[in-house]
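Chemist:
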Amino acid sequence: MKGRHVILGLLMKKKRSGYDINEMLKTVFSHFYDGSFGMIYPTLRKLEKEGKIEKEVIIQEGKPNKNVFSITQKGVQEFNEFLRSPVKEDSFQSDFLARMYFGEYAEHDQMIDWIRDEIERKTAFISQLEKDFVEWKPELTATQKISLDVGLAIYKAQVKVLNEKLDSLDGERER
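In UniProt numbering, the protein residues as written are 1 to 175.
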């Protein structure tokens with residue numbers, strides 16, 4: 001999935017500023033898409049240049065003007081083509097899992113610390129996502145709810161496995 005398709009998809013529902021798009025990426029999309037602030041504005045400029053979106057400048061008193069973007073018919077067409085294209089296999093990278101793979105070269109206590117830190121990070125992420133889910137729930141479509149439910153299930157499964165493996169590694173240390 002390309003950032004341009006995420007942005008076009010967000011603009012299908014309503015006009016949004018770059019800030020609005022960034023907030024959506026940091027919250028609603030955080031469990032399945034890693035979009036950066038640095039990707040948003042260059043992509044918006046490119047989409048505007050291609051005629052896929054239009055920019056409206058809103059004059060604001062006492063603060064900088066606000067750029068709000070809307071999707072054009074050309075943008076709708078590209079987004080619909082994206083939806084009709086074959087679903088690509090998920091790509092996944094994990095610094096934590098790479099370290100676990102090479103854990104035989106690390107100190108036992110270091111591996112324990114990595115696992116505990118990962119459990120803590122994922123548990124905090126789950127808590128935030130569940131809190132946000134309560135806030136978003138009234139506005140979510142059935143398919144958006146599926147996306148969040150799958151994301152939560154994946155993170156919860158990871159925490160469960162990590163807790164089991166942590167207990168197993170702790171047991172090895174005691175032998």
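Don't be surprised by glycine CBs; every beta carbon is placed ideally from N, CA and C. Everything numeric in this text was worked out from a predicted model, so none of it was measured.
Taking DSSP's pairing of strands, which residues face residue 88 in a bridge?
Modeler: Answer is none; residue 88 lacks a bridge partner.
Chemist: Could you check if residue 7 is buried or exposed, using at least 16 other CB atoms within 10 Å of its CB as the buried criterion?
Modeler: buried
Chemist: Rounded to whole angstroms, what is the Cα-Cα separation between residue 35 and residue 104?
Modeler: 33 Å
Chemist: Could you tell me which residues DSSP puts in a beta bridge with residue 69?
Modeler: 16 and 55
Chemist: Who are the near neighbours of residue 12 in its chain, counting only those whose CB is closer than 8 Å to its CB and skipping five residues on each side?
Modeler: 71, 76 and 79
Chemist: Can you list, in chain order, the residues of its chain whose CB lies under 8 Å from that of residue 195, leaving out five sequence neighbours each side?
Modeler: The structure shown does not extend to residue 195, since the chain spans only 1 to 175, so no value can be given for it.
Chemist: Using a 10 Å radius around the Cβ and a threshold of 16 neighbouring Cβ atoms, would you call residue 116 buried or exposed?
Modeler: Classification for residue 116: exposed.
Chemist: Applying the 10 Å Cβ sphere with the 16-neighbour rule, what's the burial state of residue 3?
Modeler: buried
Chemist: Taking the alpha helix (DSSP H) that residue 38 falls in, what are its first and last residues?
Modeler: Where residue 38 is concerned, the enclosing alpha helix (DSSP H) starts and stops at 37-49.
Chemist: Using DSSP with H/G/I as helix, E/B as strand and the rest coil, what is residue 102?
Modeler: coil
Chemist: Kindly indicate which three-state DSSP category residue 143 falls into: helix, strand or coil?
Modeler: helix
Chemist: Curious, which full-length alpha helix (DSSP H) runs of at least 4 residues does the segment 105-172 contain?
Modeler: You should have 108-136.
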